[in-house]
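Asker: Using the UniProt record's numbering, the letters of the sequence shown map in sequence onto residues 1 to 163.
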Amino acid sequence: MIDRIDRRILSILQEDSTIPVAEIGRRVGLSTTPCWRRIQKMEEDGVITRRVAVLDPKKVNAKVTAFVAITTNEHTDDWLRKFADVIREFPEVVEFYRMAGQVDYLLRVAVPDIDAYDDFYKRLIAKVNIADVSTSFAMEQIKYTTELPLSYIIAEKPKANMS
């Protein structure tokens, strides 16, 4: 279970994973070794899946964001596996979701411009049979974060007194 201290550690790491463990420990009231053990445990448990650098899309020439809604007439495990394998081949696809509702799959695609998106689109439809593709281009990013809300973590139950 994740306790109050783990939640504070996660909050700090989500904000900046380059903060030294000693500083994280100081902020949460732990010495370096117990703090590091908690981080390692959360990594082992899969709570922390990786630590990455978040890049500025404009500085790496990936400034156009396209949201691609895909519907298909194919709803088999084999088709989904093939489709997922195809999508993994495209570095432009930065997010990929199977959806409930009228859209079957949703992609977030990062490209330099509309021509690059058109190239992506043509390569995609050449590799997989899709019933419909509808693309919307983001005009402005209003909010973006990689930080997940931590208030939904189920609080650790107090341990019963063993006396």
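For each residue, glycine too, the CB sits at the ideal point set by N, CA and C.
So, residue 169 versus N61, is the Cβ gap smaller than 8 Å?
Answerer: Residue 169 lies beyond the range of the chain shown here (1 to 163); nothing can be said about it.
Asker: Check each candidate in A126, R4 and S11 and name the one with the smallest Cα separation from L148.
Answerer: Checking every option, the nearest Cα to that of L148 belongs to S11.
Asker: List, from N- to C-terminal side, the alpha helix (DSSP H) runs of 4 residues or more that fit wholly inside the region 34-109.
Answerer: Counting whole runs of 4 or more residues, the region 34-109 contains the alpha helix (DSSP H) stretches 77-88.
Asker: Is the CB-CB distance between V21 and I5 below 8 Å?
Answerer: No; because the gap between Cβ atoms is not below 8 Å, this pair is not in contact.
Asker: Going by beta carbon distance, what residues of the same chain come within less than 6 Å of S136, once the five residues before and after it are set aside?
Answerer: Correct list, in chain order: F67.
Asker: Please look up how many angstroms separate the CB atoms of Y117 and L106, rounded, as I've assumed it's under 8 Å.
Answerer: At roughly 15 Å, the Cβ-Cβ gap does not stay under 8 Å, so Y117 and L106 are not in contact.
Asker: So, T65 versus A110, is the Cβ gap smaller than 8 Å?
Answerer: Yes, the pair counts as a contact, with Cβ atoms nearer than the cut-off.
Asker: Check this for me: beta carbons of D104 and T71, under 8 Å apart or not?
Answerer: Against a cut-off of 8 Å, the Cβ pair of T71 and D104 comes out as a contact.
Asker: In chain order, what residues of the same chain have a beta carbon less than 6 Å from the beta carbon of K63, not counting five sequence neighbours either side?
Answerer: Around K63: P57.
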